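Going by our numbering, the first residue of the sequence shown is number 342, and it counts up by one from there.
What follows is a single structure, written as structure tokens, with notes after it.
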Amino acid sequence: MKTVKELLIRKRTGQEWTSEQVSEFVRGVVDGTVSQAQTAAFLMASCINGLSQREVAALTISMAETGERVSREASSRPRIDKHSTGGVGDKVSILLAPLVACCGVDVPMISGRGLGHTGGTVDKLESVPGMTMALPMETLNMLLNKHGLFMAAQTSNLAPADRIMYALRDVTGTVESTGLITASILSKKIAENLDGLVMDVKVGSAAFMTSVEQARELAQTIRAVAALAGLPVHIVFSRMDKPLGTSIGNWVEVAESEALLQSVYNPADDLSRITVELAAHMLVLAGKAHNITEGRCAAVEMWNSRKPHAELLRMLERQGGDFEKGVRQFSGVPALNVFPPADGYLTMIHGRTVAEGIVEAGGGRRVETDSVDPWVGIEFLTETGELIRRNSPVAKVTGSTAEQLQILHDHVIRSIEIGDVMGVQQEPIIESWT
């Protein structure tokens, strides 16, 4: 066995590691014989030089095998999950998990915290007072068996190598590596013992993948590695230039999700459209629908029954969350209206600019140890394509301090484009692979 230093030199010069070398390195990351500095060096070299498909497969399987797995004995129902590559205002999971669970599918959703400029589902749900996302495996198995649903943070013993690398990727600027993204996603999903996975690959200026070509490259890698692991995968490509939905932040996104599930499904709403599209693919993988069209119809019917809304609130309550307490607390949070600088049509909201404002104001993380203010948020009051006036607010921002409000205000102003014509609104779904 080569030393870690010798392996890193090979990787620095673009040479391929064997599967055994990858496995040995991953074990060292977990047991501490590979230092954080060495792990960071591997991540940077892999990001610059790339990883072969064989290396990605070995990395994925090794990471999954470093810890415990969600029990397959917990339930006999089909088990399907969804993963998003990350976007701005992407609260799809909060809508999707209870929707699909109500259709008779087990959804063991293990999510991450904010990474780079994008928010994380764990941070969002932890904004609900009392909500516990760090749950032991025994509790996860119990929730899945009894209720068919949990939404949790990655446990210390589930793919622990990924947990270590995930945090280091954020602070070393290696988030965008196709191979590392694939291994991070699939190692956790393999550890969930899934029957199928739906990938929501975000594409656009506010996503990690800014072009369709980049996104397809990632999707091809995910599909190939998943096939080697015996995991069926559907892939949906969706746009991520402007924020998804009206709210960006932590609490505000949970509140928007709750309100949407309480209302009738609106096909004109991009967030709702993407949620139903992903639900349809999950239902097909679960054998609950024969095709995507049938899956969409089943998802819309379940949405309009309001059962997913009740299930969302029950899930929060089961994990200690008190949604109504959050509503009461948020009502006292300072807010500021943002007025546009000119009259005209709101032609664009640049999602990345908005997200950078959230992070700067304390609603996201620059480094892993940063705390997150759950009340920092932006709610757009006007959608792209609509006419706006200088005397009418385009957005409302919330935060705990005047400084936070000013930061958010300034980023909203920088994020919007105003034109003389309405502009063309693009379809949220680009394409899908089954």
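For every residue, glycine included, the Cβ atom is placed at its ideal position computed from N, Cα and C.
In this text the structure is predicted, and so the values were computed from the model without any measurement.
#### Entry: Beta-carbon proximity check, Y507 vs S518, cutoff 9 Å
no
#### Entry: Selected residue, minimal CA-CA separation from A398, among S434, E357, A381, S376
E357
### For L490, the first and last residue of its enclosing beta strand (DSSP E)
490 to 494
### Message
Alpha carbons only, please: which of A493, T401, V516, E467 is nearest the one belonging to T426?
### Response
V516
### Query
By Cβ distance, which residues of its chain are closer than 6 Å to G369, with the 5 residues on each side in sequence left out?
V375
### Query
By the 10 Å Cβ neighbour count, where 16 or more other Cβ atoms means buried, how is N591 classified, buried or exposed?
buried
#### Entry: Within 9 Å, strictly: CB atoms of I402 and I531
yes
### Query
Which whole-angstrom value describes the C-beta separation of I522 and G718, a residue pair presumed to lie in contact below a C-beta threshold of 8 Å?
I522 to G718, Cβ: 27 Å. No contact.
### Message
With DSSP as the reference, identify every bridge partner of F721, one or two as the case may be.
### Response
A736
### Task
Could you pull out every unbroken beta strand (DSSP E) segment of at least 3 residues lying fully inside the stretch 401 to 473, listed in chain order?
421 to 425, 448 to 452
### Message
Whole angstroms are fine: how far does the CA of S468 sit from the CA of P734?
### Response
26 Å
### Message
Three Cβ pairs or more, each shorter than 8 Å: is that satisfied between the stretch 673 to 688 and the stretch 716 to 730?
### Response
yes
### Task
Can you tell me the Cβ-Cβ gap for T739 and W716, rounded? I've got them flagged as a contact below 8 Å.
6 Å
#### Entry: Nearest neighbour of R669, chosen from V593, L601, F366, V625 [CA to CA]
V593
#### Entry: 6 Å Cβ shell around V553 - same chain, five flanking residues per side excluded
V544
#### Entry: Buried versus exposed, by CB contacts within 10 Å (16 or more), P477
exposed
### Query
So is V539 buried or exposed if we call it buried at 16+ other beta carbons inside 10 Å?
buried
### Query
Between which two residues does the beta strand (DSSP E) containing W592 stretch?
Segment 592 to 603 is the alpha helix (DSSP H) holding W592; no beta strand (DSSP E) there.
### Query
Start and end of the beta strand (DSSP E) containing Y686?
685 to 690
### Per DSSP, cross-strand counterpart(s) of K343
Bridge partners of K343: none, in fact.
### Message
Let me check understanding here. Comparing Cα to Cα, which of G726, K629, G453, T462 lies closest to L436?
### Response
T462
### Query
Out of curiosity, what's the CA-to-CA distance linking Q660 and K465?
14 Å
### Message
Quick check: the stretch 621 to 628 against the stretch 488 to 505, are at least 3 beta-carbon pairs closer than 8 Å?
### Response
no
### Message
Rounding to the nearest angstrom, what Cα-Cα distance links L348 and M474 in this structure?
### Response
36 Å
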